[in-house]
Amino acid sequence: VERMKARARNIALKVAYDGTNYHGFQRQMPPVVAVQNVLECALRKVCAEEVELAAAGRTDAGVHAYGQVVNFFTDGRIPVERLPRAVNGLLPPDIVVVEAWEAARDFSARHSATGKTYLYRLEQCMIPNPFSRNYAWQIFHPLDVGAMQNALMLLIGTHDFSSFRAAGGVSMSPVRTLDEVQLAEEGAGRFSCRIHGNGFLYHMVRNIISTVVSVGTGRISAERFAEIFAARDRRLASPTAPACGLYLLRVDYDRSAGHAAFM
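Under the numbering used here, think of the first position of the sequence shown as 11, with each following residue one higher.
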């Protein structure tokens, strides 16, 4: 790692991808393929040296991203304005470098992040929709959207989110602050839930969504949702929602990170 950091430039990228065909973002051992494997391979060719990426979020298998942020150190001299086109020419069509910029030496896509926004898409269906099956959780029951919105409002603020934390994540405090939790109707039975916070626990968004869908289908009441949240016991919440509906929408950085696009 120190050898990499000794290189001349620290370059940051904003990356969008369809996670359907990948085993998450984080690098995997072949034959398992992750987004990081594919992106590092393309960057290695463009920069003519080994590349190691640091990422804002290690999205799971099947999870998508509009605004994943990564950074890497390089001695390569390609101008940043030419980097997206050069790399995209070597990437499959389901991974795209949207933007590149020169970052400060101490910028880390992961450690410099001050917040994230996730989006979760739901689709209320009578019959399965083959065209959205990889991009939304299809629900085959009517949803009481008002009850779901009331339950989600309980999450705003600083709380212990242990009830929505999956086992197996990195050991960290379960206390997180959410300042936006918004469920919106998009028409034709489609809904999106936008959640912004200062950090997220392993599977936290998907466990919140699965439990609030239980409210929407009438399996549990909004009052029961509040009890589950307060109990700080993952065993009481619903099984994890499918990965296909989850998108990493945006990552926040302080102005000192040197890039206005993320303010």
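Glycine included, C-beta positions come from ideal geometry on N, C-alpha and C.
Keep in mind it's a predicted model, so treat the numbers as computed, not measured.
Given residue i as reference, the closest of the options once Cα atoms are compared
i      : options                           : result
Pro103 : Tyr32, Arg186, Gln192 and Ile149  : Tyr32
Val107 : His121, Phe174, Ala241 and Glu91  : Glu91
Glu12  : Phe82, Leu193, Ile205 and Phe201  : Phe82
Gly99  : His206, Glu112, Lys55 and Tyr263  : Lys55
Asp116 : Leu164, Ala157, Arg19 and Met163  : Arg19
Thr3   : Leu211, Thr168 and Val61          : Residue 3 lies beyond the residue range present for the chain, which begins at 11 and ends at 273; the question has no answer from this structure.
Ala177 : Glu112, Ala146 and Arg245         : Arg245
Arg204 : Cys135, Leu162, Phe141 and Ser183 : Leu162
Ala113 : Cys135, Gly125, Thr221 and Pro89  : Pro89
Asp28  : Ala110, Gln46, Met214 and Trp111  : Gln46
Ile105 : Ala44, Gly167, Phe235 and Ala16   : Ala44
Distance between beta carbons of residue j and residue i, contact taken as under 8 Å
i      : j      : result
Leu93  : Val48  : With 8 Å as the limit, Leu93 and Val48 do not qualify as a contact, their Cβ atoms being about 16 Å apart.
Ala26  : Ala75  : 6 Å
Met158 : Leu193 : 6 Å
Gly228 : Asp154 : 7 Å
Ala247 : Arg216 : No, Ala247 and Arg216 are not in contact; Cβ-Cβ is about 10 Å, not under 8 Å.
His206 : Glu196 : Actually they are not in contact, since the Cβ atoms of His206 and Glu196 sit about 18 Å apart, beyond 8 Å.
Tyr263 : Thr69  : With 8 Å as the limit, Tyr263 and Thr69 do not qualify as a contact, their Cβ atoms being about 18 Å apart.
Val261 : Val79  : 5 Å
Cut-off 6 Å between Cβ atoms - residues of its own chain near residue i, not counting five sequence neighbours on either side
i      : result
Ala271 : At Ala271 the pLDDT is 47, less than 50, meaning the model places this residue with poor confidence; the figure from the coordinates comes in the next sentence. Answer for Ala271: no residue qualifies.
First through last residue of the beta strand (DSSP E) which encompasses residue i
i      : result
Glu133 : Ala123 to Gln134
Arg204 : Arg200 to Gly207
Span of the alpha helix (DSSP H), counted from its first residue to its last, around residue i
i      : result
Ser220 : Met214 to Gly226
Ala241 : Ala232 to Ala241
Glu60  : Run containing Glu60: none; DSSP gives neither H nor E here.
Leu93  : Leu93 to Asn98
Ala253 : Segment: none, Ala253 is in no alpha helix (DSSP H) and carries neither H nor E.
Leu162 : Val155 to Met163
Arg13  : Glu12 to Lys15
8 Å CB neighbourhood of residue i in its chain, flanking five on each side removed
i      : result
Asp243 : Ser172 and Ser173
Arg95  : none
Gly86  : Arg19, Val56, Cys57, Ala58 and Glu59
Chain-order list of residues whose beta-carbon lies under 7 Å from that of residue i (same chain, five-residue window excluded)
i      : result
Ser118 : Ala64 and Asn81
Met273 : Note on Met273: pLDDT 40, under 50, position unreliable in the model; the coordinate value appears next. Around Met273: Arg265.
Should the segment 255-262 be called in touch with the segment 128-142, which here means at least 3 C-beta pairs below 8 Å?
Judged by Cβ distances under 8 Å, the segment 255-262 makes contact with the segment 128-142, as three or more pairs qualify.
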